[in-house]
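Asker: In UniProt numbering, the protein residues as written are 1 to 161.
1) Between the segment 5-14 and the segment 38-48, do three or more beta carbon pairs fall short of 8 Å?
2) List, from N- to C-terminal side, the alpha helix (DSSP H) runs of 4 residues or more that fit wholly inside the UniProt domain "HTH asnC-type" (6-65).
3) Note down the Cα distance separating residue 135 from residue 32, rounded to an integer number of angstroms.
4) For my contact list, residue 64 and residue 110 are in at a C-beta cut-off of 8 Å; report their separation, rounded to the angstrom.
5) Could you tell me whether the Cβ atoms of residue 92 and residue 71 are closer together than 8 Å?
6) Give the DSSP-derived three-state secondary structure of residue 72 in the structure shown.
7) Would you grab the beta carbon distance between residue 116 and residue 66 for me? Rounded to a whole angstrom, and I think it's under 8 Å.
8) Just grab the DSSP bridge partners of residue 95 for me.
9) Taking the Cβ atom as the reference point for each residue, do residue 51 and residue 16 lie within a distance shorter than 8 Å?
10) In chain order, what residues of the same chain have a beta carbon less than 6 Å from the beta carbon of residue 20, not counting five sequence neighbours either side?
11) Starting from residue 133, follow its DSSP beta bridges and name the residues at the other end.
12) Work out the CA separation of residue 100 and residue 107 for me, nearest whole Å.
13) Identify the continuous alpha helix (DSSP H) that holds residue 144 and give its terminal residues.
14) Consult DSSP for residue 139 and reduce its assignment to one of helix, strand or coil.
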């Protein structure tokens, strides 16, 4: 069962999304459920991988000033798995996915500056065997950086009923 199929888990996730440091006591008061129930549900959400508590850092405030999306074309396709494994090891990559269209892979990259970005692209990404072509789009200014809105998932699950 998905966590979003259960209303109590959903309420806990909503509250933690607003404040990941919220105590079990605060959560229990907010949704009128015993602290022990909140603790049990929280542990289950962590163990099943639905919830991961992290500190989100604003990249600009700590010196990451070159933020880009890199599209990568792979030829031959037999290199895909190896390239994904190598890209996943790079600490500059914050998001990595296979995509449809003219390119095979999208990687979001956070670098200190343009020199760092150029080194990453030239010395690491372009040097990977099987990387055929890349297209880099710089993020000039980020207007929104957020987690998914749980209300959207809840609406989707109700429509599938």
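C-beta: ideal position from N, C-alpha, C; glycine also.
As the structure is a prediction and not an experimental result, all values here were calculated from the model.
Answerer: To lay it out plainly:
1) yes
2) 7-18, 24-31, 35-47
3) 51 Å
4) Yes, residue 64 and residue 110 are in contact; Cβ-Cβ is about 4 Å, under 8 Å.
5) The Cβ atoms of residue 92 and residue 71 lie no closer than 8 Å to each other.
6) strand
7) 6 Å
8) DSSP output for residue 95 lists 108 as bridge partner(s).
9) In this structure, residue 16 lies closer than 8 Å to residue 51 by Cβ.
10) Closer than 6 Å at the Cβ level, and outside the excluded window around residue 20, lie 53.
11) According to DSSP, which records beta bridges pairwise, residue 133 is partnered with 73.
12) Residue 100 has its alpha-carbon roughly 13 Å from the corresponding atom of residue 107.
13) Segment: none, residue 144 is in no alpha helix (DSSP H) and carries neither H nor E.
14) coil
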